[in-house]
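Heads up, the sequence shown is in our numbering, so the first residue is 148 and it goes up one at a time. From the three backbone atoms N, C-alpha and C, an ideal C-beta is built for every residue, glycine too. See structure below.
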Amino acid sequence: MGYAPPERLRRDGQGLGVADTLYVPGFLDGGYADTVFVQVLEESRWQHERLSLFGRVVTAPRLTTWYGDAGTVYRYSGTTRVAEPWTTVIGGLATKVTAALERPFNYVLVNRYRDGNDMLGWHADDERDLGPSPVIAAVSLGAERMFRIRPREGGASLGQVLGHGSLLVMWGASQRRYKHCLPRTRKHVGERLSFTFRLTGQA
Numbered sequence: 148m149g150y151a152p153p154e155r156l157r158r159d160g161q162g163l164g165v166a167d168t169l170y171v172p173g174f175l176d177g178g179y180a181d182t183v184f185v186q187v188l189e190e191s192r193w194q195h196e197r198l199s200l201f202g203r204v205v206t207a208p209r210l211t212t213w214y215g216d217a218g219t220v221y222r223y224s225g226t227t228r229v230a231e232p233w234t235t236v237i238g239g240l241a242t243k244v245t246a247a248l249e250r251p252f253n254y255v256l257v258n259r260y261r262d263g264n265d266m267l268g269w270h271a272d273d274e275r276d277l278g279p280s281p282v283i284a285a286v287s288l289g290a291e292r293m294f295r296i297r298p299r300e301g302g303a304s305l306g307q308v309l310g311h312g313s314l315l316v317m318w319g320a321s322q323r324r325y326k327h328c329l330p331r332t333r334k335h336v337g338e339r340l341s342f343t344f345r346l347t348g349q350a
């Protein structure tokens with residue numbers, strides 16, 4: 148049997164209409180979510196990544212930082228990122244996510260979307276470092292944004308607005324069967340942070 152989120156977490160959440168996905172609104176209480184949002188914005192060293200996509204080097208339309216256990220790395224889009232040490236606030240958030248999912252995580256990629264122009268294109272978190280059936284736990288803080296998911300071969304997509312303090316979990320065959328994205332929006336939206344926790348390889 149592969150991994151599945153604990154029943155108590157599933158009772159608090161809802162599926163996205165595709166297999167092996169769960170959305171939990173209000174995973175974090177409002178005061179704690181507000182505190183984490185402000186501290187991470189102020190304390191992190193944000194970078195404008197240069198990524199290799201389809202044979203071209205491009206600047207990512209968002210800011211990024213990453214944290215994790217000592218020596219932990221994540222390789223994606225032609226880059227190798229060694230984790231910064233856990234801070235008190237992000238380490239505390241990691242502990243909450245690990246306890247809720249009953250699943251270890253050793254790395255978090257944090258994306259900062261400054262406004263509606265910042266986005267994340269269609270992709271799957273299927274890098275070799277993550278193993279064949281990765282568990283991805285994404286905590287959203289700040290402005291609401293639309294998350295979309297669709298079959299790898301194309302076709303209609305399904306959408307879910309990700310709210311402040313929410314948790315999105317993808318596991319099992321979700322990365323093999325689907326791609327997901329965070330599209331641009333013309334709406335006036337504030338800043339958003341996305342913390343995607345994962346278990347990845349060691350340097």
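Return the first residue and the last residue of the alpha helix (DSSP H) that Thr-182 is part of.
Here residue 182 refers to the residue found at position 35 of the sequence shown. That run of the alpha helix (DSSP H) goes 177–190.
Do Asn-253 and Thr-347 come within 8 Å of each other at the CB atom, strictly closer than that value?
In the sequence shown, residue 347 corresponds to position 200, counting from 1. In the sequence shown, residue 253 corresponds to position 106, counting from 1. Yes. Within cutoff.
Quick one: measure Cβ to Cβ for Tyr-214 and Glu-274, integer angstroms, because I've assumed they're closer than 8 Å.
Position 67 of the sequence shown holds residue 214. Position 127 of the sequence shown holds residue 274. No, Tyr-214 and Glu-274 are not in contact; Cβ-Cβ is about 18 Å, not under 8 Å.
Based on the DSSP secondary-structure assignment, which residues constitute the bridge partners of Leu-314?
Along the sequence shown, read from residue 1 onward, the residue named residue 314 stands at position 167. According to DSSP, Leu-314 bridges with Val-171, Val-286.
Find out if the Cβ-Cβ distance for the pair Leu-163, Leu-329 is shorter than 8 Å.
Mapped onto the sequence shown, residue 163 falls at position 16. Mapped onto the sequence shown, residue 329 falls at position 182. No, these two residues do not count as a Cβ contact at 8 Å.
Taking Arg-228 as the reference, give the member of Met-266, Val-255, Arg-259 with the closest Cα.
By 1-based counting over the sequence shown, the position of residue 228 is 81. Among Met-266, Val-255, Arg-259, the Cα nearest to that of Arg-228 belongs to Val-255.
Using only the alpha-carbon positions, how far apart do Thr-212 and Gly-225 sit?
As a position in the sequence shown, residue 212 is number 65, starting the count at 1. As a position in the sequence shown, residue 225 is number 78, starting the count at 1. For Thr-212 and Gly-225, the distance between alpha carbons rounds to 16 Å.
Tell me, to the nearest whole angstrom, how far the beta carbon of Pro-279 is from that of Asp-272; I am working on the premise that it is less than 8 Å.
Translated into positions along the sequence shown, residue 279 becomes position 132. Translated into positions along the sequence shown, residue 272 becomes position 125. Contact doesn't hold; Cβ gap of about 12 Å is too wide.
Considering only C-alpha positions, which residue in the set Ala-284, Gly-302, Ser-341, Arg-250 is nearest to Met-293?
Residue mapping note: residue 293 aligns to position 146 of the sequence shown, counting from 1. Residue Ser-341 is the option with its Cα nearest to Met-293.
Rounding to the nearest angstrom, what Cα-Cα distance links Gly-289 and Tyr-325 in this structure?
Along the sequence shown, read from residue 1 onward, the residue named residue 289 stands at position 142. Along the sequence shown, read from residue 1 onward, the residue named residue 325 stands at position 178. Looking at the two C-alpha atoms, the distance is approximately 26 Å.
Within 8 Å, do at least three Cβ pairs link the stretch 157–173 to the stretch 302–316?
Yes, they touch.
Going by Cα to Cα distance, which pick from Asp-181, Gly-302, Tyr-150 is closest to Ser-313?
Sequence index remark: in the sequence shown, residue 313 carries index 166 (1-based). Of the listed residues, the one whose Cα sits closest to Ser-313 is Asp-181.
Is Asp-273 near the ligand FMN, in the sense that its beta carbon is under 7 Å from a heavy atom of that ligand?
Within the structure as shown, the ligand FMN is missing, as the structure has no ligands at all.
Among Pro-251, Arg-333, Ala-230, Glu-231, which one has its Cα closest to the Cα of Met-266?
Within the sequence shown, numbered from 1, the residue matching residue 266 stands at position 119. The option with the nearest alpha carbon to Met-266 is Arg-333.
Over what stretch of residues does the beta strand (DSSP E) that includes Gln-307 continue unbroken?
As a first step, residue 307 is located in the sequence shown; it is residue number 160 there, counting from the start. Taken as a continuous stretch (DSSP letters only), the beta strand (DSSP E) holding Gln-307 covers 305–309.
Which residue marks the beginning of the beta strand (DSSP E) containing Arg-292, and which one marks its end?
Indexing the sequence shown from 1 puts residue 292 at position 145. Where Arg-292 is concerned, the enclosing beta strand (DSSP E) stretches over 292–298.
Can you tell me whether Val-165 is helix, strand or coil according to DSSP?
To locate residue 165, count along the sequence shown from 1; it is residue 18. DSSP places Val-165 in coil when its eight states are reduced to three.
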